[in-house]
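So the sequence shown is numbered by the working numbering: it starts at 11 and just counts up by one.
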Amino acid sequence: MLGLRFPRRRRSSWELQQSALVSCSLVLLSQFALAMVPRLFPFLSLLAMLPIAAMVMVATILLGRCWRRFLGISASAPAFVLFNILFLWGVYVSTIRQAIPSLLDAILNAECALLLYGLYRILSGDPGMVSYSSSPVESGQNDFAALNVLYENSPSFSRVRYCKSCKTSIKGFDHHCPAFGNCIGQKNHRLFIVLLAGFLIAESSYTMCSTKFLTKSADSERIEVVFLIWHIYCICFNIKTEEWINWKRYPEFQLVMEPEPGSPIVQTRFTNPFDKGLLGNILDFIKSKD
11 MLGLRFPRRR
21 RSSWELQQSA
31 LVSCSLVLLS
41 QFALAMVPRL
51 FPFLSLLAML
61 PIAAMVMVAT
71 ILLGRCWRRF
81 LGISASAPAF
91 VLFNILFLWG
101 VYVSTIRQAI
111 PSLLDAILNA
121 ECALLLYGLY
131 RILSGDPGMV
141 SYSSSPVESG
151 QNDFAALNVL
161 YENSPSFSRV
171 RYCKSCKTSI
181 KGFDHHCPAF
191 GNCIGQKNHR
201 LFIVLLAGFL
211 IAESSYTMCS
221 TKFLTKSADS
231 ERIEVVFLIW
241 HIYCICFNIK
251 TEEWINWKRY
261 PEFQLVMEPE
271 PGSPIVQTRF
281 TNPFDKGLLG
291 NILDFIKSKD
């Protein structure tokens, strides 16, 4: 009988390392660019930012193709997916997690772990490859012609399709998925659907957690901005916060005004004896030592 699986070229460890490195670099560049979108365009709404984010992802794909064309190194789509999961999970654990309730935190961590497990299963699993003992024919063209005859005449091979990427025949072949690095066939179609749903749920959970974090951090950022502006003001006028609040306690900050004719009340106004002008105050702050 005819063998339906043809050998694929195995990539060397160096090629795999190169692909992983390129994929990791593209993930870092794309995530950095996506993070800069709301900072460069804070006046835009979320919906208005989506086309810009899409352009960033398209630019990432084009950059990967340029590296493959001019440098001879190519990224790996499964590695790109893997590094994106690890990057976003790392950002969540290191930054966002502190503002998230314990139950939601446990759910999101479980979702990320299950995504990694599902990605491993679909990468390494059998999609439904058709293989059995055979006596191979001489040429590839004869193989394909014989395959067509076999599919037509054998009910057991109904809906078996040949995948050019994997160079093998898959029962219940749906498509070849570059992102998961495998064909989607009869044996892993359900896992594929579950994994897609898992990605959607995890992304929704991540978005919800990010929104909670940004809502809480926005209030603290406003306070930090106010404090920063205040301390810049103090530097420019060479005064300390405590001196500005309690200047009436310190004689050097008091300017006694002569009472107006007929008025027994002596007025005291604020004065800053340490004010050396804007430039002088800034230089005094820079040169100050312990």
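Ideal Cβ placement from N, Cα and C applies to all residues, glycine included. All values reported here derive from a predicted model rather than from experimental measurement.
In three-state DSSP terms, what is Val266? Val266: strand per DSSP, three-state reduction.
Go ahead and pull the three-state DSSP assignment for Ser179. strand
Suppose you measure from the CA of Ser145 to the CA of Thr70; what does that come to, to the nearest Å? Per-residue confidence for Ser145 stands at a pLDDT of 40, beneath the threshold of 50, marking its modelled position as unreliable; the derived number appears in the next sentence. The straight-line gap from Cα to Cα measures roughly 46 Å.
Evaluate Ile110 with the Cβ neighbour count: other Cβ atoms within 10 Å of its Cβ, from every protein chain shown; 16 or more gives buried, anything less gives exposed. buried
Determine the direct distance from the alpha carbon of Leu98 to that of Met46, and round the result to whole angstroms. Straight-line Cα distance between these residues: approximately 15 Å.
Do Ile180 and Cys193 have their C-beta atoms closer together than 7 Å? Contact flag set, yes.
As assigned by DSSP and simplified to three states, the class of Ser145: Low confidence applies here, because Ser145 scores a pLDDT of 40, under 50, leaving its location unreliable and the question unanswered by this model.
Can we say the region 196-215 touches the region 254-274, given the rule of at least three CB pairs closer than 8 Å? no
Which residue's Cα is closest to the Cα of Arg169: Met139, Gln27 and Leu126? Met139
According to the Cβ coordinates, are Gly191 and Leu133 closer than 7 Å? yes
Taking the beta strand (DSSP E) that Val91 belongs to, which residues open and close that run? First-last for Val91: Ala87 to Ser104, but that is the alpha helix (DSSP H), not the beta strand (DSSP E).
Looking at the strands, I want to know which residues DSSP matches up with Thr278. Its beta-bridge partners are Val266.
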